[in-house]
Amino acid sequence: MLKRVALWVMYDGTAFSGYQVQPGKRTVQLEVEKALRTLHKGTDVRVHASGRTDTGVHARGQVLHFDSPLMIPTERWPKAINSCLPEDVRIIEASYVQADFHSRYAAVKKEYRYRVFTPKHPDVWRRNTTFHFPYSIDFERVKKAASYLLGTHDFSSFCASNTDVQDKVRTLYELEVCKQGDEIVFRLVGSGFLYNMVRIIVGTLLEVGIGKRVPDELATILEAEDRTKAGKTAPGNGLFLWKVSYEYEIFSDEF
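Structure, rendered in structure tokens:
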């Protein structure tokens with residue numbers, strides 16, 4: 002009998018061509034499915050994710066699920082899978098879930114964080130996990146601009162133009178901007194996010210922060226429902242899928 006297993010997964014996206022399997026490319030899904038194939042003695046196992054991440058994007062709280070006939074205690078799944086994975090992907094916890102659970106469609110909220118490094122000189126140790134943006138940022142301008150994005154809106158202006166998603170209405174519950182040492186951290190919590198939505202929002206808010214745009218312009222950009230009205234797309238290396246929430250807690254540890 003097959004049982005459905007949910008996984009809490011962390012990965013450093015630097016050396017991956019995103020999450021989803023692509024011919025001839027190293028991806029997170031490829032590595033996890035290879036590990037599961039080894040544990041299942043050569044049988045292919047398909048994994049499903051809460052969402053796809055692009056090249057260079059990281060995850061602290063990705064959630065995957067798959068079906069398995071193996072009767073392995075939940076506490077042993079992480080060690081078993083990790084023994085077959087490269088070091089830039091780690092399974093933190095596993096949990097048996099209901100047969101109709103789906104890591105993507107059952108999600109009720111997602112949290113992303115974006116890190117910006119602002120000093121003049123780049124930091125070689127953080128080049129893969131922060132966006133180097135060596136400018137002085139006016140926090141009050143950024144916070145005022147961010148306030149226009151809270152709530153339920155059509156986020157077409159903050160979505161990659163090549164997406165095939167028809168419904169671009171999403172709810173943004175929280176958008177915080179804070180300074181942590183020599184970094185600026187953007188924290189966004191929403192019902193879901195469109196392709197490149199977080200990176201376009203961050204890129205636009207940074208333009209506000211350096212005086213290239215005025216805060217009130219965010220309302221106009223939203224109303225336009227036109228990608229060309231918003232700012233540049235911030236690079237993927239500063240972005241983290243931080244947490245995925247469901248109607249009930251799946252994992253016992255602090256997510």
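If you count the sequence shown from 1, position 189 lands on 190 in this note's numbering, and the numbers rise without skipping.
Glycine is no exception: its CB is placed at the ideal position from the N, C-alpha and C atoms.
Since the model is a prediction, treat every value here as computed from it, not as a measurement.
Between residue 226 and residue 168, the C-beta spacing is not below 8 Å.
Sixteen is the threshold: since fewer than 16 other Cβ atoms of the shown chains lie within 10 Å of the Cβ of residue 122, the residue is exposed. Inter-segment contact for the region 113 to 120 and the region 181 to 188 is present: three or more beta-carbon pairs are separated by less than 8 Å. Note on geometry: alpha-carbon atoms of residue 80 and residue 94 lie some 9 Å from one another. In the structure shown, the three-state DSSP call for residue 100 is coil.
The Cβ atoms of residue 67 and residue 47 lie closer than 8 Å to each other.
With respect to the C-alpha of residue 91, the residue from 60, 99, 111 having the closest C-alpha is 60.
Considering only 211, 165, 183, 218, the residue with the shortest C-alpha distance to residue 197 is 165.
For the alpha helix (DSSP H) assignment, the uninterrupted runs of no fewer than 4 residues enclosed by the region 76 to 127 are, from N- to C-terminal side, 78 to 83.
Assignment of beta strand (DSSP E) within the region 159 to 188, counting only whole runs of 3 or more residues, yields 170 to 181 in chain order.
By DSSP's assignment, residue 63 forms a beta bridge with 10. Judged by pairs of C-beta atoms under 8 Å, the region 207 to 216 does not touch the region 7 to 24, as fewer than three such pairs exist. Between residue 245 and residue 111, the C-beta spacing is below 8 Å. For residue 234, the secondary structure class from DSSP, reduced to helix, strand or coil, is coil. Excluding residues up to 5 positions away in sequence, 7, 8, 10, 33, 48, 49, 50, 51, 104 lie with their Cβ nearer than 8 Å to the Cβ of residue 65 in the same chain. A distance below 6 Å between beta-carbons, with the five flanking residues on each side excluded, links residue 193 to the following residues of its chain, in chain order: 171.
Within the DSSP bridge table, the entry for residue 153 names 172 as partners.
Per DSSP, the unbroken alpha helix (DSSP H) holding residue 31 starts and ends at 29 to 40. Taking all protein chains shown into account, residue 57 has 16 or more neighbouring C-beta atoms within 10 Å of its C-beta and is therefore buried. In the same chain as residue 238, and ignoring 5 residues on each side of it, the C-beta atoms closer than 6 Å to its own belong to 57, 129, in chain order. Around residue 78, the same chain offers 95 as residues with beta carbons nearer than 6 Å, after the five sequence neighbours per side are excluded. Going by DSSP, residue 241 is part of no alpha helix (DSSP H) but of the beta strand (DSSP E) stretching over 240 to 246. Its chain contains 26, 27, 28, 56 as the residues whose beta carbon lies nearer than 7 Å to that of residue 18, once the 5 sequence neighbours on both sides are disregarded; these appear in chain order.
The three-state reading of DSSP puts residue 193 in coil, since its state is none of H, G, I, E or B.
From the listed residues 160, 108, 205, 135, the smallest Cα separation to residue 147 is found for 205.
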